[in-house]
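Okay, structure first, notes after.
In our numbering, the protein residues as written are 24 to 159.
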């Protein structure tokens, strides 16, 4: 279930950035009618059922999203780094798609010091992902 994220949930705020997300949701639903996608949703409404019940009661995606689409690169980078650092989650990427051969990027700078960039474990993880892509 795909949630397109915003600072607004289902019209709770009016802003051109909200309009951008709403337009993205509409285009996605038009192009992929079988995809379970909804938005605009604030993060908590996208993943917490109790919040979703209050902020987006008519959404079948809200509260159950397992794919989060961030509204821009800044928000996406902030979100993944928060999860990586606070939840001690593994974060790999960027993962490149849509080209003829699998290729991925570790341009963040690599060292064993996590405060500076990717670790040896990051490199191994991205290499493993690239190998799986090559098998497909």
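The beta-carbon is built from N, C-alpha and C at its ideal position, and this holds for glycine as well.
Residue 127 has 118 as its beta-bridge partners, per DSSP.
Of the candidates 148, 147, 100 and 152, 152 places its Cα closest to the Cα of residue 124.
Look at the beta carbons and you see the stretch 54 to 70 touching the stretch 85 to 92: at least three pairs across the two are nearer than 8 Å. Taking C-beta atoms under 8 Å as the contact rule, residue 64 and residue 85 qualify, at a distance of about 6 Å.
When 35, 94 and 72 are compared, the shortest CA-CA separation from residue 48 is found for 94. Secondary structure at residue 58: coil, using DSSP grouped into helix, strand and coil.
Looking at 51, 29, 50 and 52, the one whose alpha-carbon comes closest to that of residue 41 is 29. As computed with DSSP, residue 90 is found in a beta bridge with 25. By the Cβ-count criterion, residue 111 is exposed, with fewer than 16 other Cβ atoms from all chains shown falling within 10 Å of its own Cβ. Shortest Cα-Cα distance from residue 83 to any of 158, 142 and 25 involves 25.
DSSP, read as helix, strand or coil, puts residue 63 in strand.
Taking all protein chains in view, the Cβ of residue 32 is crowded by 16 or more other Cβ atoms within 10 Å, so the residue is classified as buried.
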